[in-house]
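Numbering (the numbering used here), first residue to last: 3 to 118.
Even glycine gets a Cβ: it sits at the ideal position worked out from N, Cα and C.
Next comes the structure, spelled out in structure tokens:
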């Protein structure tokens with residue numbers, strides 16, 4: 003697994019977590035594909051290995067790593083085993099989504115396109 007693979011996996015998680023409209027469509031209206039809240043958080047921090055990597059040291063660069071650590075701690079405070087509408091209306095979930103948008107933008111701006 004390369005650092006680019008990790009970055010791509012993290013970006014996918016951040017894109018999904020930051021897209022409240024996609025979540026609303028998928029979770030409440032059954033339109034589109036988006037994992038539930040628990041899977042979104044697990045996918046970003048556990049399945050990608052991000053939490054473990056952040057514990058071991060630097061993953062991307064200090065500011066982004068700190069931001070991602072804060073997001074991880076923050077996500078643990080959000081109960082994701084509730085009805086989707088409750089989660090989407092939760093100010094904590096909205097804040098996590100905003101933090102995801104900022105992290106995604108920062109990471110995308112640093113990633114160079116892959117060579118053909």
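Counting the other Cβ atoms within 10 Å of the Cβ of residue 94 gives fewer than 16, which makes it exposed. Taking a contact to require three or more Cβ pairs closer than 8 Å, the segment 85 to 105 and the segment 30 to 46 qualify as touching. For residue 99, the CB contacts under 7 Å within the same chain, skipping 5 residues up- and downstream, are 19, 20, 22 in chain order. In this structure, the CA atom of residue 106 is about 10 Å from the CA atom of residue 66.
Residue environment for residue 25: buried (at least 16 other C-beta atoms within 10 angstroms of its C-beta).
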